[in-house]
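Structure first, commentary second.
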Ligand code: URA
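In the numbering used here, the protein residues as written are 71 to 310.
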């Protein structure tokens, strides 16, 4: 985790604004390794330094990484004036001020979404340059054939001329309905739905089941979440 500014660390760990964190420091309520520190910009080594804040049960937490089984009907945003967001449904004990979804799933898409306060991690997951494949299960209106699979695997062109990177695709049936498992490493708007539309098909249900090699924990009901373990975090960036 490395070095962190004292005021930022206090804001995150005491769940207060950066301004309130600076006030706590100015009011001599903060000590580092037993010594009162009055400089908000003091750099703290979160692995070694011992920080105490008067009136707060302060334990240094690094970034938080939460696996959510996203239910239908919530939007992949931090806040929304009208609709419930994925951040709204995170329980208080896991919530931090600065958490956000690392990527977007449509309102009607379910499944694996990581909620974090780590911007660099989120960028690494989302940027196509980092080759993190996301695996979806799509229930379709019609079965796909070898020709469809070839087109998707070659990199299909969407109705508006947008070109997609090559996907990895397998056909299967889900509860006797035609379905496909599709792996993509970009996140264009409604991408999976539009890829199947380009084949004259239609996605009836969409669920994300995997990011990199990290699989959705099937013991999580829709709407439930839990923190990722360090081992699971590493799986995100490991190819299958
Ligand atoms: N592709 C879609 O069409 N929707 C999603 O939610 C994710 C990928």
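For glycine and all other residues, C-beta sits at the position ideal for the given N, C-alpha and C.
Reduced DSSP secondary structure (H/G/I, E/B, other) of residue i
i	result
residue 295	strand
residue 332	No answer is possible for residue 332: the residues shown for the chain start at 71 and end at 310.
residue 261	helix
residue 170	strand
residue 95	helix
residue 310	coil
residue 175	coil
residue 145	strand
residue 181	strand
residue 83	helix
residue 249	strand
residue 89	helix
residue 154	coil
residue 108	coil
residue 254	strand
residue 195	helix
Proximity test, residue i beta-carbon vs the ligand URA heavy atom, cut-off 7 Å
i	result
residue 179	yes
residue 260	yes
residue 276	yes
residue 263	yes
residue 203	no
residue 175	yes
residue 135	no
residue 206	yes
Distance cut-off 7 Å: residue i Cβ against heavy atoms of the ligand ATP
i	result
residue 235	The ligand ATP is absent from the structure shown, which contains only the ligand URA.
Residue i, buried or exposed, once every other Cβ within 10 Å from all chains shown has been counted against 16
i	result
residue 205	buried
residue 308	exposed
residue 208	buried
residue 217	exposed
residue 190	exposed
residue 259	exposed
residue 229	exposed
residue 181	buried
residue 186	buried
residue 342	The structure shown does not extend to residue 342, since the chain is modelled only from 71 through 310, so no value can be given for it.
residue 291	exposed
residue 188	buried
Beta-carbon gap between residue i and residue j smaller than 8 Å
i	j	result
residue 210	residue 161	no
residue 91	residue 125	no
residue 222	residue 202	no
residue 252	residue 237	yes
residue 137	residue 169	no
residue 159	residue 293	yes
residue 77	residue 110	yes
residue 255	residue 198	yes
residue 285	residue 273	no
residue 296	residue 175	no
residue 103	residue 120	yes
residue 157	residue 177	no
residue 86	residue 95	no
residue 135	residue 305	no
residue 231	residue 195	no
residue 73	residue 114	yes
residue 179	residue 276	yes
residue 226	residue 268	yes
Residue range of the beta strand (DSSP E) that includes residue i
i	result
residue 115	113-115
residue 210	204-210
The alpha helix (DSSP H) enclosing residue i, as first and last residue numbers
i	result
residue 75	Residue 75 -> not in any alpha helix (DSSP H); beta strand (DSSP E) instead, spanning 73-75.
residue 240	Taken as a continuous stretch (DSSP letters only), residue 240 belongs to no alpha helix (DSSP H), being part of the beta strand (DSSP E) at 238-244.
residue 217	216-224
residue 303	300-305
Chain C contact for residue i (CB, 8 Å cutoff)
i	result
residue 274	Here there is only one protein chain, and chain C is not present.
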